[in-house]
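Data block below; observations after.
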């Protein structure tokens, strides 16, 4: 469920840019069992006796990020993966993993990446010059610049798909911003309330889905698309207790395709010191993850208890979960 805080953060970033399925089992992570059986040590800070010890799980079918992306593109033309962010704070690890899996996607024939953070002008210049233009917000952050530049260096084409807030009939209905300062304050209050509303949020999700469908249709026959979204926009199903209709669900309805979705946010600490099922999992599997380079995951159908109900095809857990 999307909170008002997250909606506000999402809008502020979006406005910034607007204005200026079952697969054949592949081999688990190479050498996982032998690594886990070696019994490498784990620090005390990775253990929490009150919430369950970190355990060595040699029999779990751990998979690397690269494995999951490769399997995803063997199952679908579209793989959607996410980063974690809240306002301009972000989990850098999620973007580093995104950069890391580009080679695996490239090997599967991918040559296009659609990114939520892009705006049309930025993407056009980057595609033309093959260099990352100077920008603000997410696009000014070093790991994002490196991620995008790596895609350009592979010869990929950048595709913007974010909804343009100015085109929303919900926003247009508010009319022009008054010139009178006092009237403008009241207008801004109503404007903010509208932007946090269910109707605007779902409009934005629908527009993102429509833009992705249009982008996919513009690709060569059977062309593959790597989609990079924020947080849980790519959720494939609806929640019983929420009126939010995510982009992932709407994309499926509009396209008739079944994208392969990978979630990186399960263990991310969106609030300092938070305790959740995700943070419990990070503690429980801290030893395994440390031995696997810090980040690894599962296919949904192979996932251990606590992960089987996810609304994604695969999930990545990590020891690096902070926002900065």
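Residue numbers (the working numbering): 2 to 325. We put the beta carbon where it would ideally sit given N, CA and C, even for glycine. As the structure is a computational prediction, the values presented were derived from the model and not from experiment.
- Residue range 315-319 is occupied by the beta strand (DSSP E) that includes residue 319.
- Taking the C-beta atoms as reference points, residue 105 is found nearer than 8 Å to residue 70.
- Using a Cβ-Cβ distance cut-off of 8 Å, the region 283-292 and the region 252-266 are not in contact, since fewer than three pairs of beta carbons, one from each stretch, lie closer than that value.
- Under the three-state reduction of DSSP, residue 217 is assigned to helix.
- Taking all protein chains shown into account, residue 108 has fewer than 16 neighbouring C-beta atoms within 10 Å of its C-beta and is therefore exposed.
- Contact between the region 127-136 and the region 168-183 is not established, with fewer than three Cβ pairs separated by less than 8 Å.
- Of the residues 124, 78, 215, 203, the one whose Cα lies closest to the Cα of residue 243 is 203.
- Across the structure, residue 62 and residue 236 are spaced so that their CA atoms are roughly 23 Å apart.
- Sequence-distant partners of residue 228 (beyond 5 residues in either direction) whose C-beta falls short of 6 Å from its own C-beta, in its chain, are 81, 115.
- One alpha carbon belongs to residue 233, the other to residue 83, and they sit about 7 Å apart.
- For residue 91, the closest of 230, 278, 254, 158 by C-alpha to C-alpha distance is 230.
- For residue 263, DSSP records a beta bridge to 82, 315.
- The beta carbon of residue 155 lies closer than 7 Å to those of 103, 107 in the same chain, with the five residues before and after it left out.
- Sequence-distant partners of residue 148 (beyond 5 residues in either direction) whose C-beta falls short of 6 Å from its own C-beta, in its chain, are 96, 99, 100.
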